[in-house]
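One structure is given here, and the rest of the page talks about it.
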Amino acid sequence: MTAPAASAATPVTAQRRRGTLRSRGLLNGRVVFGGTLLFIVVAVAVVGLVWTPYPADATNLQARFAAPQWLHLIGTDELGRDILSRAMVGAQTSLIISACAVGIAAAIGTVIGFLTGYMRGVIDIVLSRVIDAMLAVPALVVALGIVAMLGASATSVTVALAVAYTPQFSRVFRGVVVAARDQTYVEASRGLGLPAIVVVVKDLLPPVLPIMVVQVTTSLAWGILDEASLGFLGLGVQPPAPSWGSLLIEGRQYMYDAPWLPIGAGAFVVVAVLGVNILGDGLRDVLDPRAWTRRHSYRKGGAK
Amino acid sequence: MTGATTTKRETPEALLTVRNLSVHFRTGDTTVRAVDDVSLSIGRGEIVGLVGESGCGKSTLGMSLLRLIEAPGEIVGGEVIFDGRDLVPLPEKELRRIRGRDISLVVQNALAVMNPVTRVGEQLTEVLRDHGQAGRADRLVRARDVLASVGFPRPAHSLHSYPHQLSGGMQQRVSIAQSLLLGPRLIIADEPTTALDVTVQAQVLQLLTSACRTQGTSVLLITHDLGVVAETCDRVMVMYAGRVVESGPVRQIFTSPRHPYTVALLAALLPLRGAPPPVLQALPGQTPQPNEWPSGCRFNPRCPRRAALGDPAICEAEEPALRDVGAHAIACHFPGEDAVGTGRGSVRVDD
Amino acid sequence: MLKYALYRLCLAVPLLFLLSILTFVYIQIIPGDPVAGMLGPGGTPALVAQLRHELGLDQSLPSQYWHWLSNLFAHGDLGISFITRQPITPVLMDRIPATLQLTVTGLIFTVALGWLGGFLAGAFKDTWADRMLSGITLVGLSTPVFWIGTILILVFAVHLRWLPAGGYVPLAVDPVQSIKDSLMPGFAMGLGLAPYLARMTRAATVEVQHEPFLRHARAKGLRGRTMLLRYAARNAVPSTIVVIGLQLGALIGGQVVVEQLFNWPGLSRLLIEGAVQRDYYMVQAVILVIAVLYVVLNLAAELAHAALDPRIRL
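Residue numbers (my numbering), protein chains in the order written: chain X, 17 to 320; chain S, 1069 to 1419; chain E, 18 to 331.
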């Protein structure tokens, strides 16, 4: 009652975790605030499907490089296109790319994580080393390499980011699975001779889920950032198709004449990522994963 | 509460006098009364034992004497008068000078309380430095001498060790050395030997008490080990559920315990002489939860004496105060009934 | 300590070997025939076959790998560029000083901001200072480097005219100008990465404060400063060094953007140029170098951690 679950030295069972969840409330302030920000961004993207202040591709040469004003809330670009409208449409592309990339990475990473963590043996040794090696290359660099291979397009950005994030997911899940596997309740299930799939679903999935949620939010934030970064580097979604990334590269060319271009498009990224990060923080607080793995590492004193 | 029983407790030179101290832990809407209205005193050079089951509040009491209770714990009332000064309202700045210099602390797990990344020598000298002892060389000499005095064969060498490189017994010796560094007047020793091997326990305890005896240092020895108390203490206090239920000179308590809880504690001991009893007496029931102490006498649900007397209503209705009965102080409504329903006391000797 | 260093070094060797395989395989899984793509419409089958032979692409995979690896070790040869047909290694070597300068500058800003901010926030947990720092950290985490960089350029180069908007002069040629050049990109990188370090440092500091030895330090009557520096900081910082090592990946990733934004001729620019032009050998070489750099720097971080925490050295 004094210390939160962080002080628990062993992973809590699924039931106790649920109890903690209920008592501490899933809806803490940060979850609500972050969720609201994210909701607004998603809502803007959804509204962009049916309505934008101007058509996203409509040029207006009279209004080139218009500074932010009442008619164009965040100004116009070199062809007089309304940035807000383009950012609204671009939001769809960016959010879909990041969400798909993270979804794919989570699915593959989870499978690999379970395979390596639960089965162990040769699969574990080989795959884990490969994952280690992949983690030695920064995600953005991996993504760059893959985009270089596939050519710049929305699809290749998605694939590239998915490949780049998979190692993180598998490593995180492997860690959780390995820790959970040696818990007495899992050993008991295995001792009963339950098939692996049953043990995984019944005993291993529950402790992994909260960590999955947190990891997904973290990666989602990265996904949005990296999609934009790739765009900024000219290796993302190519102009004139709008995405936050492609808006940024246009913005970069004209940053001296029209600073609102990169700043405006970037602001969307900031708000979206901020929302996801705050949400992730809140969820982390509620679900409190991984605290126990870290805490235990110093506990082997050299007494005797 | 501090009645006229033993001369030591009443002498004006009592080093530490605690009056009506209460420590509560508040979380949400529950209040845990870990220490509730406790009074005690420790004379100069006196070694006082504080015994009780885990969770009875004895460690909290010990820490509260140094005002080291961590949130949500809080001293909600009472006085801790050390050498004529009340520590409870004292500013943190002045209290810091008392901690470590006048009152020092030895705890159970010596390794956990040492800075893991600095050497033993640094940990000893920094205490000296922070209490204003100038001269790096002098501090090192003092640290080495203290290490030697607690039985380090090569003290100069050991100054360079990291805590984790020492054995458990040696770690506890460092801890004791550190508590003796500045010649304190009171040492609060909270289960100082519990984590050690039995063979080492006696040595370390011997070390602590002999150092204190020669320097006239008072000790509050917090332990659950009655054997340790019998060997080392002058006086003993028994705590149950946040309150002191019995206190008195060690010999008196061990030979003629008055409170039914003390009687039961002693009954759970193996006799020192003679054949072991066929069955060790265990107390029925469990230690109550600290957030819901029983009403009235907190021991009443488990009390064999109350059962033997036919469940008098007062036990549940009224909390007994600590009153002097002969050489003891005891908190029981029926202090005289010690022959009734106490079971087989293994160390019992008639008055 | 030496034993520990050797042990960590031995662990790194298979990792490096595996990395070489992975980067080698990278070239092999490119869909289609890169040689044909490279020659474009003018590439007759005969020409393609000739070039394939020149590049050794007509040999078996293991022999290609062996060839590539032995060239790498014997001559430091990373192959030739698809585009310029020039050896890659000298081009790479040319870029390394600039990259190192930027990395070091970025690291200095990262460590200064991250440790200080994180430690203060953790040591004064739940005060207004903590809330403010944690808020800034969260915003920093969510702010892309290109955005911060753009704003920095607009403020310090365009508006205030204090610092150049980009460019690079080697340190040896003009030290003052070189440092001036690297200040803004380094700061942008630091701002990008410091929030992570600040978070870790804050968490480590908070965790340390729950340790029994810190409470006992109070019982010993130590000064606040002693407890803060010798107890809290000395225990919290070592574990964050490993974090710095792991975050170097992000640092290098961030560098890709920073080099592009500030027109900084480092390794990452080479990577981007290679990626844009589909110069696969160039991309492969740069990725390999970046990965090796990462492994080496990580090793350095692990060793630094061990040097600061005596318990690791066992």
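All residues carry an ideal CB built from backbone N, CA and C; glycine is no exception.
Length of the line joining the Cα atoms of residue i and residue j
i, j, result
"lysine 1126 (chain S)", "aspartate 1258 (chain S)", "9 Å"
"methionine 110 (chain E)", "alanine 204 (chain X)", "58 Å"
"serine 39 (chain X)", "arginine 1253 (chain S)", "Caution applies to serine 39 (chain X), whose pLDDT of 44 falls short of 50 and renders its modelled position unreliable; the value that the coordinates give is listed next. Distance between the alpha carbons of serine 39 (chain X) and arginine 1253 (chain S) is about 47 Å."
"proline 1352 (chain S)", "glutamate 1386 (chain S)", "22 Å"
"glycine 252 (chain X)", "leucine 77 (chain X)", "26 Å"
"serine 23 (chain X)", "leucine 86 (chain E)", "Because the pLDDT of serine 23 (chain X) is 36, which lies under 50, any placement of that residue in the model is unreliable, and the question is left without a value."
"leucine 37 (chain X)", "tyrosine 213 (chain E)", "For leucine 37 (chain X), the pLDDT reaches just 44, beneath the cut-off of 50, and the residue's location in the model is therefore unreliable, although a value from the coordinates is still provided. If I take the Cα positions, the gap works out to 26 Å."
"valine 1268 (chain S)", "alanine 1376 (chain S)", "42 Å"
"isoleucine 125 (chain E)", "alanine 308 (chain E)", "21 Å"
"alanine 1395 (chain S)", "isoleucine 1244 (chain S)", "33 Å"
"arginine 1164 (chain S)", "serine 1132 (chain S)", "14 Å"
"proline 256 (chain X)", "glycine 119 (chain X)", "27 Å"
"isoleucine 153 (chain E)", "phenylalanine 99 (chain E)", "45 Å"
"asparagine 1368 (chain S)", "tyrosine 201 (chain X)", "39 Å"
"valine 216 (chain X)", "valine 232 (chain X)", "20 Å"
"arginine 1281 (chain S)", "valine 1218 (chain S)", "14 Å"
"valine 259 (chain E)", "tyrosine 181 (chain X)", "21 Å"
"isoleucine 1149 (chain S)", "aspartate 1213 (chain S)", "32 Å"
"aspartate 1105 (chain S)", "leucine 1275 (chain S)", "33 Å"
"leucine 263 (chain E)", "asparagine 315 (chain E)", "7 Å"
"glycine 1145 (chain S)", "serine 1107 (chain S)", "11 Å"
Residue i, DSSP secondary structure in three states
i, result
"leucine 305 (chain E)", "helix"
"aspartate 93 (chain X)", "coil"
"isoleucine 1256 (chain S)", "strand"
"methionine 271 (chain X)", "coil"
"glycine 1304 (chain S)", "Just to set this straight, residue 1304 (chain S) is valine in the shown sequence, not glycine. Reduced to three states, the DSSP call for valine 1304 (chain S) is strand."
"threonine 1285 (chain S)", "coil"
"serine 1109 (chain S)", "strand"
"aspartate 326 (chain E)", "coil"
"threonine 144 (chain E)", "coil"
"leucine 208 (chain E)", "helix"
"aspartate 98 (chain X)", "strand"
"arginine 300 (chain X)", "helix"
"aspartate 73 (chain X)", "coil"
"glycine 1316 (chain S)", "strand"
"aspartate 1198 (chain S)", "helix"
"aspartate 1379 (chain S)", "coil"
"aspartate 1104 (chain S)", "strand"
"arginine 25 (chain E)", "helix"
"alanine 317 (chain E)", "helix"
"asparagine 280 (chain E)", "coil"
"leucine 1276 (chain S)", "helix"
"phenylalanine 126 (chain E)", "helix"
For residue i: DSSP bridge partner residues
i, result
"glutamate 1147 (chain S)", "S:Arg1087"
"leucine 1173 (chain S)", "S:Ile1256"
"arginine 1311 (chain S)", "S:Tyr1308"
"aspartate 1154 (chain S)", "S:Ile1149"
"valine 1393 (chain S)", "S:His1396"
"histidine 1292 (chain S)", "Beta-bridge pairing links histidine 1292 (chain S) to no other residue."
"threonine 1099 (chain S)", "S:Arg1094"
"glycine 1141 (chain S)", "S:Phe1093"
"isoleucine 1115 (chain S)", "S:Val1287"
"arginine 1167 (chain S)", "S:Ile1171"
Cβ-Cβ separation, residue j to residue i (assumed contact under 8 Å), whole Å
i, j, result
"valine 224 (chain X)", "leucine 299 (chain X)", "Actually they do not touch by this definition, with Cβ atoms about 14 Å apart."
"tyrosine 134 (chain X)", "arginine 197 (chain X)", "6 Å"
"arginine 46 (chain X)", "isoleucine 240 (chain X)", "Contact flag wrong, Cβ pair sits at about 18 Å."
"glycine 209 (chain E)", "glycine 271 (chain E)", "5 Å"
"glycine 1141 (chain S)", "threonine 1128 (chain S)", "7 Å"
"proline 107 (chain E)", "proline 187 (chain E)", "Going by Cβ atoms, the distance from proline 107 (chain E) to proline 187 (chain E) rounds to 16 Å, so no, they are not a contact pair."
"arginine 299 (chain E)", "leucine 287 (chain E)", "The question names arginine, yet the displayed sequence has methionine at residue 299 (chain E). Yes, methionine 299 (chain E) and leucine 287 (chain E) are in contact; Cβ-Cβ is about 7 Å, under 8 Å."
Give the list of continuous alpha helix (DSSP H) stretches no shorter than 4 residues that lie fully inside the segment 32-119 of chain E. Taken in chain order, the complete alpha helix (DSSP H) segments of 4 or more residues contained in the segment 32-119 of chain E are 51-56, 62-71 and 78-92.
Mind pulling the alpha helix (DSSP H) runs of 4 or more residues that sit fully within the segment 1348-1376 of chain S? Scanning the segment 1348-1376 of chain S for uninterrupted alpha helix (DSSP H) segments of 4 residues or longer gives 1372-1376, listed from N- to C-terminal end.
Minimum length 4: unbroken alpha helix (DSSP H) runs contained in the segment 185-218 of chain X: Counting only runs that start and end inside the segment 185-218 of chain X, the alpha helix (DSSP H) elements of at least 4 residues fall at 200-207 and 212-215.
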